[in-house]
Amino acid sequence: MSLLDVKEVTKTFGGLTAVSDVTMHLEENELVALIGPNGAGKTTLFNLLTGVITPTEGVIALQTDNGLQTLNKVKPYKVAQAGLARTFQNIRLFKELTVLDNVLIAMTAKNKEGFLESIFRLPSFYRKEEALKQQAVDLLKIFGMEDQLDVLASNLPYGAQRRLEIVRALATKPKILFLDEPAAGMNPEETADLTRLIRQIQNDFHITVLLIEHDMSLVMDIAQRIYVLEYGKLIAEGTPAEIQQNKRVIQAYLGGDD
Amino acid sequence: MKKNLKYNLTWLVLMVVGFVLINVLEFGGIIDALGEQTLVTIGINIILATGLNLIIGFSGQFSLGHAGFMAIGAYVCALITTSIATPMGMVIGMIAGAAVSALVALIVGIPTLRLDGDYLAIATMGVAEIIRIILNNLKITNGPAGLYNIPLLATWPVVYIMVCLTTLLIVNLIHSRDGRAIMSVRENEIASESMGVNTTKWKVIAFVVGAATAAIGGALHANYIQTIAPTDFGIMNSINILIIVVLGGIGSITGTFVAAAVLGVLDLVLQNFGTLRMVIYSLALILLMVFKPSGLLGTRELSIRKIFNKFGHSKQKGDA
């Protein structure tokens, strides 16, 4: 049984079929990439998996501690609480809040808020708050951001903003991390850093990573398995070596006649 | 833990000192009856505006219906205190007013808070109008004539205590996990939702708490002015509260305090200018918005913690 099972998922917007009959699976602690030409429906598929939009047809099921949980028609916050976290292609940080607050907010989901506890400042409030902050700082430390705790997210350099988005996603303690073009707009040096970072996440946090990326050297370097999407359909699946040899994929990227 | 105690004690001391200081000034004759009236008005405006700031500045939902919730609090409390004309009645009245207002906000908030920006503003404005028209037509509220002979229970000390209490609760709410969840909705709803934050829930909570605060402001207003009528709670009143929030800085509670005080004093000073008063008042607002569009304090806050930290730092520097 896979960690995440996607069966025959289709999404249509009016007459346009953005994602058509996609079947895929993610195993535990696997690093999978999703590639495809522009407009292939990669981000739409991401949005389907994370509950931002609901599939027209098909089933998305996550293996949880209490058995299989279908994620169709489940609100995004519930999907996140079930253990799917994501970053965004166009960075969506809480810009006017500090780095620490960004991470703390992501922790709210797994640490139930106590409304009365907060407004009356009961002793348990301080205790929990202190513990939560310590966790957040520890997490930021792993990614070398512990000296930027009080910096507003919008004041971080671009690469650090991308990194913070990943840290924030990890703070929700996910089972699967979805990265939507994490290397977009990065220079080769930053990309190399990111490659290390993604590997580190997979190894240290023992989670599954699904990655959308256009940077082929990055994808071929780190992915264990690759799915290729074109015009909303999966056209290939396999290891990086297999994908590089796949005629259908080469055609999709470079064109050519049948 | 000890640190927290220090901050909390400092706040308590500040509140007590403020209270004693104003009372001494009053006994000394420096604050006259008109001065006290200004202080009470400022206090009530602070309560109303902090509630609205929670909704607009922290959860990022634009509401124009604050006067409606103020009206609910005013009427409920007035009706209760006319039958129980004791301080206890005032307490019951305020709690009941806040509860009814919160309930209405909950019922109204769940469908309307799905809307965004301008649409939400218009919807909440509509809600306030509906409340006003209901008050205008009910028998128990005495229709357009309104209620009068309401006992004077919202004296200056009561208002002062309520300002401290409501501000404390709202500030505590903001600086907590709940507050962070509320602010994440303002910052980026989509991101917030994908981090597992139930955005609808937190929008509704901010709206309900804001409405309850407005009701307390309304209750104090009713028991200070002693007469209320539906026309006291029109759209212009919502806008007046909005002006305080915008002027102080959307998302700054201390800014709300400053703005309420500045506008209160400005109003008092301009009493002598007769008809020119509103012109100068408006002009002051326009100038402020032109030169400081983010409000007097922007989103910044004056905080004891920061001041302490600053002193701590300079001390350390001095030692070195």
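Sequences listed follow chains Y and G, in order.
Anchor point for the first sequence: position 158 equals 157 in numbering that gives the first Met the number 0, and the numbering is continuous, going up by one each time.
Anchor point for the second sequence: position 91 equals 90 in numbering that gives the first Met the number 0, and the numbering is continuous, going up by one each time.
Even glycine gets a Cβ: it sits at the ideal position worked out from N, Cα and C.
Computed from a predicted model, the values in this text were never measured in an experiment.
For N148(G) and I189(G), the rounded distance between their alpha carbons: 51 Å
message: Under 8 Å, with one C-beta from each stretch per pair, do the segment 203-213 of chain G and the segment 49-56 of chain G reach the 3-pair mark?
response: yes
Beta-bridge pairing of G237(Y) - partner residues as DSSP gives them: I225(Y)
task: May I ask you to list the residues that DSSP assigns as paired with K132(Y)?
output: Paired residue(s): none; K132(Y) is not in a bridge.
message: Quick check on the DSSP output: what are the complete alpha helix (DSSP H) runs of length 4 or more inside the segment 223-260 of chain G, in order along the chain?
response: 234-247
- request: Check Q62(Y) in the structure and name its three-state DSSP category.
  value: The three-state secondary structure of Q62(Y), taken from DSSP, is strand.
task: Quick one: give me the first and last residue of the alpha helix (DSSP H) that T259(Y) is part of.
output: Nothing in the structure corresponds to residue 259(Y), since chain Y is present only between 0 and 257.
query: Where do the ends of the beta strand (DSSP E) carrying H24(Y) lie?
result: Where H24(Y) is concerned, the enclosing beta strand (DSSP E) stretches over L15 to L25.
query: Is the shortest distance between the beta-carbon of N22(G) and the beta-carbons of chain Y less than 8 Å?
result: Chain Y, which has no Cβ nearer than 8 Å to the Cβ of N22(G), makes this no.
- prompt: Skipping 5 residues on each side, what residues in its chain have a beta carbon closer than 6 Å to that of F177(Y)?
  reply: F45, R85 and L209
- prompt: Distance, Cα to Cα, Q244(Y) vs G237(Y)?
  reply: 10 Å
message: Please identify the residue among V99(G), A101(G) and T253(G) whose C-alpha is closest to the C-alpha of S302(G).
response: T253(G)
field: Within chain Y, the residues that S100(G) reaches when beta carbons sit closer than 7 Å
entry: Within chain Y, no residue comes near S100(G); the closest Cβ sits about 17 Å away, beyond 7 Å.
- request: Tell me whether A258(G) is buried or exposed, calling it buried when 16 or more other Cβ atoms sit within 10 Å of its Cβ.
  value: Around the C-beta of A258(G), 16 or more other C-beta atoms lie within 10 Å, and the residue is accordingly described as buried.
query: Below 8 Å between beta carbons: does that hold for I165(Y) and P181(Y)?
result: In contact: I165(Y) and P181(Y) (Cβ atoms closer than 8 Å).
message: Is it the case that the segment 53-63 of chain G contacts the segment 111-122 of chain G, given that we only count it when at least three CB pairs across the two stretches are under 8 Å?
response: yes
field: Interface positions of the segment 170-184 of chain G facing chain Y (Cβ-Cβ less than 7 Å), listed along the chain
entry: N171, L172, S175, R176, D177, R179, A180, M182 and S183
task: Examine the Cβ distances between the segment 50-57 of chain Y and the segment 74-85 of chain Y and report whether three or more of them are shorter than 8 Å.
output: yes
Pairwise C-alpha distance: V162(G) and V12(G): 15 Å
- request: Using three-state DSSP, classify E95(Y) as helix, strand or coil.
  value: Coil at E95(Y), not helix or strand.
field: Under 7 Å from the C-beta of V196(G): neighbouring residues of chain Y
entry: In chain order: Y76, I104, T107 and A108.
query: Does the distance from the CB of L83(Y) to the CB of I175(Y) come in under 8 Å?
result: Yes; because the gap between Cβ atoms is below 8 Å, this pair is in contact.
- request: Go to R131(G), then tell me how far its alpha helix (DSSP H) extends in each direction, as first and last residue.
  value: Segment G116 to N136, the alpha helix (DSSP H) holding R131(G).
query: If you compare alpha carbons, which of M69(G), V157(G), G142(G) and L286(G) is closest to L89(G)?
result: Reading off the sequence, residue 89(G) comes out as Met, not Leu. Taking only the C-alpha atoms, the option nearest M89(G) is V157(G).
task: Taking S117(Y) as the query, report the chain G residues whose CB atoms sit under 7 Å from its CB, ordered along the chain.
output: N171, L172, S175, R176 and D177
- prompt: Does the distance from the CB of G40(Y) to the CB of G231(Y) come in under 8 Å?
  reply: yes
field: Cβ-based contacts, 7 Å cut-off: residues of the segment 155-183 of chain Y near chain G
entry: R167 and T171
task: Rank I181(G), G263(G), S293(G) and D31(G) by C-alpha distance to the C-alpha of A108(Y) and give the top, closest one.
output: In this structure, I181(G) is the residue among I181(G), G263(G), S293(G) and D31(G) with its C-alpha nearest to the C-alpha of A108(Y).
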